[in-house]
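Student: All residue numbers for the sequence shown refer to the numbering used here, where the first residue is 137 and numbers rise by one.
Backbone N, C-alpha and C fix where the C-beta goes; we use that ideal spot for every residue, glycine too.
Computed from a prediction, not measured in an experiment: that's the story for all the values here.
Quick one: this structure, given as structure tokens, is what I'll be asking you about.
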Amino acid sequence: MAIPPEYAHRYVYHFSHIENLPGLLQNGFLANNHAWFPQKHKSIAATSIQSRRAKMKVTCGPQGCVHDYVPLYFGSVSPMLLSVVNAKNVDQHDILYFEFPINLIARDDVIFTGASANTEIPPNFYHDPVDLTKLDWDAIDSRKWGCIDDDFRHRRMAELLVYRQLPVTDAARCVVWNEGVKKRVEAIVGAQPFPPIEFQDWRVRPHWFTDFASGGNGSVVKGPGEIANIFNMAFAYVEEHAGEHEVTAAFQSLKHLRDSLRANFGCLPHTAELVGLRSENGVHRHTVDVHTKEVVAKLLVLDEYKALNPRQRKLVEIAAYLHDIGKGPRSRWDGNGGLQKVDPNHPVGAMTMMAEILTEYVARVRPSSARTLMKLTCYHDLVGDVLGQGRNERQIIDVVDDVDELNMLFAIARADVNALVPRWWDEDEAFALYQRCAETIQKASEE
Numbered sequence: 137m138a139i140p141p142e143y144a145h146r147y148v149y150h151f152s153h154i155e156n157l158p159g160l161l162q163n164g165f166l167a168n169n170h171a172w173f174p175q176k177h178k179s180i181a182a183t184s185i186q187s188r189r190a191k192m193k194v195t196c197g198p199q200g201c202v203h204d205y206v207p208l209y210f211g212s213v214s215p216m217l218l219s220v221v222n223a224k225n226v227d228q229h230d231i232l233y234f235e236f237p238i239n240l241i242a243r244d245d246v247i248f249t250g251a252s253a254n255t256e257i258p259p260n261f262y263h264d265p266v267d268l269t270k271l272d273w274d275a276i277d278s279r280k281w282g283c284i285d286d287d288f289r290h291r292r293m294a295e296l297l298v299y300r301q302l303p304v305t306d307a308a309r310c311v312v313w314n315e316g317v318k319k320r321v322e323a324i325v326g327a328q329p330f331p332p333i334e335f336q337d338w339r340v341r342p343h344w345f346t347d348f349a350s351g352g353n354g355s356v357v358k359g360p361g362e363i364a365n366i367f368n369m370a371f372a373y374v375e376e377h378a379g380e381h382e383v384t385a386a387f388q389s390l391k392h393l394r395d396s397l398r399a400n401f402g403c404l405p406h407t408a409e410l411v412g413l414r415s416e417n418g419v420h421r422h423t424v425d426v427h428t429k430e431v432v433a434k435l436l437v438l439d440e441y442k443a444l445n446p447r448q449r450k451l452v453e454i455a456a457y458l459h460d461i462g463k464g465p466r467s468r469w470d471g472n473g474g475l476q477k478v479d480p481n482h483p484v485g486a487m488t489m490m491a492e493i494l495t496e497y498v499a500r501v502r503p504s505s506a507r508t509l510m511k512l513t514c515y516h517d518l519v520g521d522v523l524g525q526g527r528n529e530r531q532i533i534d535v536v537d538d539v540d541e542l543n544m545l546f547a548i549a550r551a552d553v554n555a556l557v558p559r560w561w562d563e564d565e566a567f568a569l570y571q572r573c574a575e576t577i578q579k580a581s582e583e
């Protein structure tokens with residue numbers, strides 16, 4: 137079967153987590169239904185669509201269902217990767233892109249679709265390369281991060297499907313984030329056969345979603361590993377430098393800081409920057425300072441807050457006052473007419489500010505209190521994201537040290553959601569999530 141010449145130069149793409157590389161070297165890419173598909177595979181696919189793919193019948197070629205095939209995309213800029221990155225479930229630099237020549241399509245065990253095989257209504261399935269002309273190439277080749285509508289997004293994610301198995305050595309290249317990732321891949325691969333390891337040429341085939349503010353060197357959204365590293369570095373700074381400004385510090389203790397925030401939200405430079413700061417996010421009806429005060433007010437009446445001991449109540453209240461300081465400083469938004477843009481990195485972006493507050497503005501702070509306070513600020517969005525944005529609940533277990541921290545994390549999360557859209561907090565789902573996390577923590581403490 138001949139490939140139309142206008143498409144013969146193209147590539148198809150599969151991305152996978154670097155943790156899967158040892159298995160790829162051993163067995164290649166395997167369909168989900170393959171008997172050898174590893175149980176400990178690091179999946180970055182959206183769990184919500186897997187049941188549909190498991191049942192969706194393929195109507196041509198080897199037939200079967202979609203899970204009998206290894207999936208690849210025709211487009212190099214994948215909305216699916218962007219959704220995975222936005223969910224904060226992976227660090228983008230841990231993603232490896234494998235590029236395959238499109239001539240795979242001439243094989244008898246390969247079929248392709250006119251749109252993603254993720255929808256309730258199946259896409260059109262094709263087996264003859266001549267039908268490549270039926271794909272929406274304008275959508276597939278779009279470099280924009282957004283899509284004009286859902287249909288466009290699905291057409292953009294048209295798939296090439298290889299029955300059962302695809303050797304990793306069939307790839308033309310493995311594209312990696314940077315030199316550090318390249319060295320990690322080389323260490324895993326060793327002397328085994330492997331395609332050339334290269335960096336992306338964004339002018340020809342871009343892959344990554346980068347933060348323009350950082351010059352394109354950082355991920356548009358920081359993943360769990362990067363967040364943890366930033367948190368740990370900030371806390372290490374506090375451990376090393378706490379008390380160095382005891383004489384000049386504006387607040388003698390965390391209690392003094394809490395009481396001062398109650399009296400004057402702008403008593404810190406970091407909170408003063410939020411006063412009157414408007415957001416272009418439609419969910420935020422108020423300026424950041426008004427929203428913050430509303431979060432605190434919602435917190436103080438929660439049963440979850442009242443069940444905490446005095447020290448825990450103090451820490452979670454301060455965290456509620458400081459949870460959005462990463463949206464500042466105000467000068468960040470001068471180029472946007474003074475409107476604060478949606479910033480998924482603002483919780484972890486607060487860590488350098490928290491380190492400054494706890495070393496320069498508070499005279500004395502216990503390391504354990506500093507760590508918990510910083511953690512509540514850094515991860516105040518975690519529970520809400522697990523409940524509503526598909527974030528992996530295992531991150532909660534990895535973050536908290538004990539049930540006490542779990543209780544505080546749930547309290548600040550609920551207060552934040554209640555201040556935005558109360559119906560987003562599903563009582564039953566939240567309770568079930570809390571129970572699972574608490575049981576896991578308890579079991580770990582008993583081992």
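(1) Would you say the region 522 to 530 touches the region 485 to 502, given that touching needs at least three Cβ pairs under 8 Å?
(2) Whose C-alpha, out of 208, 299 and 174, is nearest the C-alpha of residue 234?
(3) Taking the alpha carbon of residue 467 as the point to measure from, which residue in 410, 430 and 241 has its own alpha carbon closest?
(4) Could you tell me whether the region 215 to 225 touches the region 164 to 172, using the rule of 3 or more Cβ pairs below 8 Å?
(5) Using the beta-carbon count (16 or more within 10 Å), is residue 560 buried or exposed?
(6) Check the DSSP bridge columns for residue 387 and list the partner residues they point to.
(7) Count the CB pairs spanning the region 546 to 553 and the region 448 to 462 that are closer than 8 Å, and state whether there are at least three.
(8) Assuming residue 289 is part of the alpha helix (DSSP H), what are its boundary residues?
(9) Helix, strand or coil: which one does DSSP assign to residue 397?
(10) Measure from the alpha carbon of residue 394 to the alpha carbon of each residue in 415, 457, 347 and 440, then state which is nearest.
(11) Among 537, 212, 555 and 321, which has the Cα closest to the Cα of residue 504?
(12) Return the CA-CA distance between residue 157 and residue 306, expressed in angstroms with no decimal places.
(13) Report the option in 211, 195, 196 and 230 whose CA atom is closest to the CA atom of residue 154.
(14) Count the other CB atoms, across all protein chains shown, that sit within 10 Å of the CB of residue 552; report buried if there are 16 or more and exposed otherwise.
(15) Under the DSSP definition of a beta bridge, which residues are partnered with residue 355?
(16) Using the beta-carbon count (16 or more within 10 Å), is residue 416 buried or exposed?
(17) Using three-state DSSP, classify residue 178 as helix, strand or coil.
(18) For residue 336, which of helix, strand or coil comes out of DSSP?
(19) Looking only at its chain, what residues have a beta carbon closer than 6 Å to the beta carbon of residue 213, apart from the 5 residues adjacent to it on each side?
Tutor: Let me lay it out:
(1) no
(2) Position 98 of the sequence shown, counting from 1, holds the residue named residue 234. Nearest C-alpha to residue 234: 208.
(3) Stepping through the sequence shown from its first residue, residue 467 is reached at position 331. Taking only the C-alpha atoms, the option nearest residue 467 is 410.
(4) no
(5) The residue labelled residue 560 in the question sits at position 424 within the sequence shown. Label assigned to residue 560: exposed.
(6) Your numbering for residue 387 matches position 251 in the sequence shown. Per DSSP, 498.
(7) yes
(8) Translated into the one-based positions of the sequence shown, residue 289 becomes position 153. 286 to 292 is the extent of the alpha helix (DSSP H) around residue 289.
(9) Position 261 of the sequence shown, counting from 1, holds the residue named residue 397. The answer is helix: DSSP assigns residue 397 an H, G or I state.
(10) In the sequence shown, residue 394 corresponds to position 258, counting from 1. Answer by Cα proximity: 457.
(11) For the purposes of this step, residue 504 is identified with residue 368 of the sequence shown, where counting begins at 1. Of 537, 212, 555 and 321, the residue nearest in Cα terms is 537.
(12) For this step, residue 157 is matched to residue 21 along the sequence shown. For this step, residue 306 is matched to residue 170 along the sequence shown. Distance between the alpha carbons of residue 157 and residue 306 is about 15 Å.
(13) Taking the sequence shown and counting its residues from 1, one reaches residue 154 at position 18. Here the closest residue by C-alpha is 230.
(14) Position 416 of the sequence shown, counted from the first residue, corresponds to residue 552. Its Cβ being crowded by 16 or more others within 10 Å, residue 552 is buried.
(15) Position 219 of the sequence shown, counted from the first residue, corresponds to residue 355. The partner list for residue 355 (beta bridge, DSSP) reads 346.
(16) The sequence position of residue 416 within the sequence shown is 280, counting from 1. Under this definition residue 416 is an exposed residue.
(17) Taking the first residue of the sequence shown as 1, we reach residue 178 at position 42. Residue state, collapsed to three classes: coil.
(18) Here the question's residue 336 lines up with position 200 in the sequence shown. Residue state, collapsed to three classes: coil.
(19) Here residue 213 refers to the residue found at position 77 of the sequence shown. Answer for residue 213: 279 and 342, listed in chain order.
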